[in-house]
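The sequence shown maps to residues 1081 to 1541 in this note's numbering. Backbone N, C-alpha and C fix where the C-beta goes; we use that ideal spot for every residue, glycine too. Computed from a predicted model, the values in this text were never measured in an experiment.
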Amino acid sequence: MPDNTLTHTDHTFGFSTEQVHSGHRGDPGHGASITPLYLSAGFVFDDFDHAQARFAGADPGYVYSRINNPTNAAVEQVLAALDHGVGATLVGSGQAAVSTGLLGVLKSGDHVLSAPSIYEGTRALFRGNFRRFGIDVEFVERPNDPDDWHRRVRPNTRLFYGEAIPNPKNDLIDIEAIADAAHANSVPFAIDSTLTTPYLLRPIDFGADIVLHSTSKFLAGHGNSIGGVVVDAGRFDWAAHPDRYPHLHEPIHAGTGDLTTWIDKFGVKANFAFTRAVVAGRLGPSLSPFNAFLLQQGIETLSLRVDRHSRNALALATWLEQQPEVSGVDYPGLQSNPYYPLAQKYLPRGQGSVFAFTLAGGLEAARTFYDAVEVFTRMTHVGDVRSLILHPPTTTHSKLSPAERDQAGIHPGLIRLSVGIEDAEDLIAGLDRAFRVLRGENPPPLRGRGETAAPTQADGL
């Protein structure tokens, strides 16, 4: 099958061209213009020697879809290219991406330093599962102070971790400063970049070593599929630290007499190869080829959607900041936001579309507002083309103690928005209606342009 990945050496392609053409694999036998969907668990061998060659790695073809699949491989290639990585591994969810990406580096007895503001599912993973595995995760208090990272490093520290845009407070981290601190202590920096996507931010360009995404969000973009991806930068010098990362210095095929190590065979891609084969391959968090197919369709319009998402979000955040019932808007695209300088450095194309605002009236104001808003869909998800609304204190952050929520800025009146690609004026109208209800008014439901009242049974239906 031909690989139509962009390979020009005398021209630098733009992001939108890359998202459409990188990794694209057509089907010339049937004239298909898109990568076909290969819904096959396994792949046929021509004969005895062919099967042996496939398993030995001497033949580059496919063996079993838990390990790889042509549809998945095409999507992995485009994601690696868009994030400026050397390789990507698709997995079944964003949570699986965090687990797989970090367990490729960590073992029992290791210590991790993490930024304090992270996805609550990841925090639970760190506090529960990783603790059971013997991995200790410590949260720094001042993530944008490199000294706070340096002073917490222990002899067994093996990884720094953070999120590009923390959900829902948007309290940005200084990616380059943290990466420099990690490298000064001879450890890699892993970052969850779900809410930025490669269109808004390529963390590898600022020193990150491992990039994680929940592809379920903006990358797929339509709320129709779950997935995750681990992208490896191929820049960390794993070979220089056999004492810290001994697994990469051990024979790939222990017990066979072949002493070739992961470092020997794969060089700068050693961590990528180990994570893919040993963690993802053996634990089996495989992504369905069907979901990979849906993901690729979403990626082809990524820049168009995320640009619209971000412009809409800035318009809504600006409008919300002017409402008297709102005590704060957590959007780094606003000049009043304390993270605005970091947003200008790392997110010049746009500051994303998932953010929170806090109603001064607390829980009851949030309840009234949430139930009255229109156009927005009430559900737990982000990154959909549709605008979504949620109340984190009683949902995603409900398992935290009141003191922990207060420390994190998740106050009773906090509302999270995931701004979609609808017309901004319609989204504002939907929010405005909720504010009018909050003020004691009784506004009529919104109607679409040119829409008439819905027919009733009295109309003969």
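Quick check on residue i: does DSSP put it in helix, strand or coil?
i	result
A1024	There is no way to answer for residue 1024, as the model of the chain reaches only from 1081 to 1541.
L1494	strand
G1167	strand
G1408	strand
E1325	The sequence as given places Tyr at residue 1325; Glu does not occur at that position. If DSSP states are grouped into helix, strand and coil, Y1325 belongs with coil.
F1128	helix
H1263	helix
T1341	strand
V1310	strand
Y1420	helix
D1194	In the sequence under discussion, the amino acid at residue 1194 is Ser, which differs from the Asp named in the question. In this structure, S1194 counts as strand in the three-state DSSP scheme.
P1525	coil
S1179	helix
F1147	With the sequence shown as reference, residue 1147 is identified as Ile, and Phe is not the correct amino acid for it. In the structure shown, I1147 sits in coil (DSSP, three-state: anything other than H, G, I, E or B).
H1461	coil
V1291	strand
T1536	Low confidence applies here, because T1536 scores a pLDDT of 39, under 50, leaving its location unreliable and the question unanswered by this model.
I1501	coil
G1347	helix
G1361	helix
G1122	strand
R1356	helix
G1172	coil
State the start and end residues of the unbroken alpha helix (DSSP H) segment that holds residue i.
i	result
R1391	1382–1400
V1158	1150–1162
Q1216	A small fix is needed here, since residue 1216 is Asp in this sequence, not Gln. Counting along the chain, D1216 falls outside any alpha helix (DSSP H), though it belongs to the beta strand (DSSP E) covering 1216–1219.
L1427	Neither: L1427 is in no alpha helix (DSSP H) and is coded neither H nor E.
I1508	1504–1518
L1280	1277–1280
V1100	1095–1101
L1443	1442–1452
L1374	1369–1379
H1471	Per DSSP, H1471 belongs to no alpha helix (DSSP H) and is neither H nor E.
W1229	1226–1232
A1204	1200–1204
A1319	No alpha helix (DSSP H) contains A1319, which DSSP labels as neither H nor E.
D1486	1482–1488
What is the C-beta distance between residue i and residue j, in whole angstroms, given that I count them as a contact (C-beta under 8 Å)?
i	j	result
T1341	H1333	Contact flag wrong, Cβ pair sits at about 10 Å.
L1193	V1220	6 Å
A1353	W1318	Their Cβ separation, rounded to whole angstroms, is 11 Å, which puts A1353 and W1318 out of contact at 8 Å.
S1294	G1165	Rounded, the Cβ-Cβ distance is 17 Å, inconsistent with contact.
G1430	V1386	7 Å
T1180	T1355	6 Å
R1324	S1266	7 Å
L1162	P1283	12 Å between Cβ atoms; not a contact.
L1427	L1280	5 Å
D1312	Y1419	Going by Cβ atoms, the distance from D1312 to Y1419 rounds to 28 Å, so no, they are not a contact pair.
L1518	S1467	Actually they do not touch by this definition, with Cβ atoms about 18 Å apart.
G1287	D1260	6 Å
R1231	L1186	With 8 Å as the limit, R1231 and L1186 do not qualify as a contact, their Cβ atoms being about 21 Å apart.
I1198	P1246	6 Å
Applying the 10 Å Cβ sphere with the 16-neighbour rule, what's the burial state of residue i?
i	result
F1373	buried
L1382	buried
G1555	Here the chain covers residues 1081 to 1541 and nothing more, so residue 1555 does not appear.
M1471	The question names Met, yet the displayed sequence has His at residue 1471. Looking at its Cβ environment, which holds 16 or more other Cβ atoms inside 10 Å, H1471 is buried.
Q1099	buried
A1244	buried
E1521	exposed
Q1376	buried
K1345	exposed
A1534	For A1534, the predicted model reports a pLDDT of 40, less than 50, meaning its position is unreliable and no value from the coordinates is stated.
D1464	buried
G1303	buried
R1513	buried
G1364	exposed
H1091	exposed
H1461	exposed
Q1487	exposed
L1119	exposed
E1218	exposed
V1291	buried
H1110	Per-residue confidence for H1110 stands at a pLDDT of 49, beneath the threshold of 50, marking its modelled position as unreliable; no derived number is given.
Q1424	exposed
V1124	exposed
State the start and end residues of the unbroken beta strand (DSSP E) segment that holds residue i.
i	result
L1239	1237–1243
V1185	Careful: V1185 lies outside any beta strand (DSSP E) and carries neither H nor E.
F1435	1434–1439
D1272	1269–1272
Report yes or no: do three or more beta-carbon pairs, one from the region 1445–1464 and one from the region 1414–1429, lie closer than 8 Å?
no
Could you check whether the region 1492–1506 touches the region 1424–1440, counting it as contact only if at least three pairs of C-beta atoms, one from each stretch, sit closer than 8 Å?
yes
Should the region 1297–1317 be regarded as contacting the region 1131–1151, the criterion being three or more beta carbon pairs within less than 8 Å?
no
For the pair the region 1499–1509 and the region 1392–1402, tell me if three or more CB-CB distances fall below 8 Å.
yes
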